[in-house]
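K.L.:
The sequence shown runs 1020 to 1208 under our numbering.
No residue lacks a Cβ here, since even glycine has one placed at the ideal position from N, Cα and C.
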Amino acid sequence: MINIVNKEVIKAFKYIQKGGVILYPTDTIWGIGCDATNCEAVEKIYRIKKRKIKTPMLSLVKNHNMIQSFSETPPNIINDALDGLIEPTTVIYPKGKNLCKHILSEDKSIGFRIPNNKFCLELISLMNKPLVSTSANIHKEAFPNSFTEINNHILKQVDYVVNLPRYNWSTKPSSVIKIDGFGNFCKIR
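1) What's the gap between the Cα of residue 1089 and the Cα of residue 1175?
2) Between the Cα of residue 1067 and those of 1102, 1177, 1128, 1191, spot the shortest distance and give me the residue it belongs to.
3) Should residue 1020 be labelled buried (16 or more other beta-carbon atoms within 10 Å of its own) or exposed?
4) Can you name the residues that DSSP bridges to residue 1038?
5) Figure out for me which residue from 1204, 1142, 1056 has the closest Cα to the Cα of residue 1116.
6) Bridge partners for residue 1052 per DSSP, in chain order?
7) Give every residue of the same chain whose Cβ lies closer than 7 Å to the Cβ of residue 1202, excluding the five residues on either side of it in the sequence, and list them in chain order.
8) What residue from 1101, 1204, 1039, 1082 has the CA that sits closest to residue 1063's CA?
9) What did DSSP end up calling residue 1070 once you bin it into helix, strand or coil?
10) Hey, how far is the Cα of residue 1050 from the Cα of residue 1164?
11) Nearest by alpha-carbon distance to residue 1010: which of 1110, 1179, 1123, 1172 is it?
12) Using a Cβ-Cβ distance under 8 Å, would residue 1108 count as near chain D?
13) Could you pull out every residue in the same chain whose Cβ sits closer than 6 Å to the Cβ of residue 1134, ignoring the five residues on either side in sequence?
14) Cutting at 6 Å between CB atoms, please list the residues of its own chain near residue 1136, excluding the five before and the five after it.
15) Which residues in the same chain as residue 1169 place their Cβ atom closer than 8 Å to its Cβ, once the five residues preceding and following it in sequence are excluded?
16) DSSP state of residue 1202, grouped into three classes?
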């Protein structure tokens, strides 16, 4: 028998395969997501959030190998960045590749995070691509602390709302670390 997480992974995957946008729980706050390689889907997220294209967005990945496939960062620097992380942390790597250009920063850097969330990890594994993860709010508005605080506009505009428990593991976004082109680390948030 397929459990509820597996059923929701399959449903979400079907929407993402067709270029859809989903609203889903993460290990931090509720997120809006799509296939990070599909520019049409990424553009839809920008419209939903009322956010300018080229404002970078992070993506969730399943492991170190996926980071290597979608960034030009050497494996030893990836390992150093992820070693010993305890809290949810987004690491911004120099020079993303094989992704929709809109989610990259002007300097071509990309933020990746490996989530501690079964649904997210199973979905990313099925996709075999990064999953865009941006907070479920209109640009410049506060991010929602719970599902009930998500703006109705967002609920109506996404293609699918993942039907899993509607509470957050956390009410704060991830910490953020940036790696420069020389492999130096800087804490942003």
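P.N.:
From the atom records:
1) Counting from 1 along the sequence shown, the entry for residue 1089 is found at position 70. Counting from 1 along the sequence shown, the entry for residue 1175 is found at position 156. The straight-line gap from Cα to Cα measures roughly 31 Å.
2) Sequence index remark: in the sequence shown, residue 1067 carries index 48 (1-based). If we check each option's Cα against that of residue 1067, 1177 comes out closest.
3) If you number the sequence shown from 1, residue 1020 lands on position 1. Any reading at residue 1020 must be qualified, since the residue scores a pLDDT of 42, below 50, and its modelled position is unreliable; the value itself is stated next. Residue 1020 is exposed by the Cβ-count criterion.
4) Within the sequence shown, the letter at position 19 stands for residue 1038. When DSSP reads this structure, residue 1038 sits in no beta bridge, so it has no partner.
5) Residue numbering aside, residue 1116 sits at position 97 when the sequence shown is read from its first letter. Among 1204, 1142, 1056, the Cα nearest to that of residue 1116 belongs to 1056.
6) As a first step, residue 1052 must be located in the sequence shown, where it is residue number 33. DSSP, once it has assigned bridges, lists 1041 as partnering residue 1052.
7) For the purposes of this step, residue 1202 is taken as residue 183 along the sequence shown, with counting starting at 1. Excluding residues within five positions, the ones whose Cβ falls inside 7 Å are 1096.
8) Within the sequence shown, numbered from 1, the residue matching residue 1063 stands at position 44. Distance check between residue 1063 and each of 1101, 1204, 1039, 1082 places 1039 closest, using alpha-carbon atoms only.
9) Numbered from 1 along the sequence shown, position 51 holds the residue referred to as residue 1070. In the structure shown, the three-state DSSP call for residue 1070 is coil.
10) In the sequence shown, the residue the question calls residue 1050 occupies position 31. In the sequence shown, the residue the question calls residue 1164 occupies position 145. If you take the alpha carbons of residue 1050 and residue 1164, they lie about 11 Å apart.
11) There is simply no residue 1010 to check, as the chain begins at 1020 and stops at 1208 in what is shown.
12) The chain labelled as chain D is not found in the depicted structure, where only one protein chain is given.
13) Numbered from its first residue, the sequence shown carries residue 1134 at position 115. Excluding sequence neighbours, residue 1134 sits near 1045, 1046, 1079.
14) The sequence position of residue 1136 within the sequence shown is 117, counting from 1. Counting only Cβ-Cβ distances below 6 Å, and skipping sequence neighbours, we find 1045, 1046.
15) Locating residue 1169 in the sequence shown gives position 150, counting from the first residue. Contacts found: 1042, 1049, 1155, 1156, 1163.
16) Here residue 1202 corresponds to residue number 183 of the sequence shown, with the count starting at 1. In the structure shown, residue 1202 sits in coil (DSSP, three-state: anything other than H, G, I, E or B).
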